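The block underneath contains the structure these notes are about, expressed in structure tokens.
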Amino acid sequence: MAVVGARPATRIGVFGRRAPSHPRRARQVHRRGAGRPGTARRALRRARTTSISSLLVAITAAAGLCVLYLGQSTHVAAMGYEIDSLQSRLAGLEAQQQRLIVQIGEARSPSVIEERAQYRLHLVPIDPSRVVFAPSSSDPSH
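Numbering-wise (the working numbering), the sequence shown opens with residue 85 and increments by one.
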């Protein structure tokens, strides 16, 4: 006896799912409507692969930028150390230049020249009474 408004009885499948009442028709509808059975899985797998490859490209790009940044910062630090060493060398050379300027000034002083002439060259000072100057042509006394 059939009950009015009741659903037709269905068969229970292997995994507890209802089996379609018309298997051929269900397959045809399935093929037309949703595509092949593995299409959704393939699309999901393709989306995962695309997202994973995009993630790997982003990670590789980030790693490349990090290596570039570290290389540049290392280069800048090395240049900073080189600048510091060159500045200290420059300061040392400027101090040496000042010492040499002082030595040149001392060597040009008349007292040092006289001392060197007497002790190194064995020269004696001249007696001023022995100095005779030649008359000049513009001198009216002669």
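Even for Gly, the Cβ is constructed at its ideal location relative to N, Cα and C. What you are looking at is a predicted structure, and each value in this text was computed from that prediction instead of being measured.
**Request:** Report the three-state DSSP secondary structure of Ile210 (helix, strand or coil).
**Result:** Within the sequence shown, residue 210 is the residue found at index 126, counting from 1. It is coil, neither helix nor strand.
**Message:** Rounded to the nearest angstrom, what separates Ala175 and Arg204 at their Cα positions?
**Reply:** Residue 175 sits at position 91 when you count from the first residue of the sequence shown. Residue 204 sits at position 120 when you count from the first residue of the sequence shown. Approximately 36 Å, taken between the alpha carbons.
**Of the listed residues Glu198, Ser220, Ala218 and Gln187, nearest to Ile210 (C-alpha basis)** = For the purposes of this step, residue 210 is taken as the residue at position 126 of the sequence shown. Out of Glu198, Ser220, Ala218 and Gln187, Glu198 has the C-alpha closest to the C-alpha of Ile210.
**Inter-residue Cα distance where the pair is Gln182 and Val196** = In the sequence shown, counting from the first residue as 1, residue 182 sits at position 98. In the sequence shown, counting from the first residue as 1, residue 196 sits at position 112. Rounded to the nearest angstrom, the two C-alpha atoms are 19 Å apart.
**Prompt:** In this structure, does DSSP put Arg183 in helix, strand or coil?
**Reply:** The sequence position of residue 183 within the sequence shown is 99, counting from 1. Helix.
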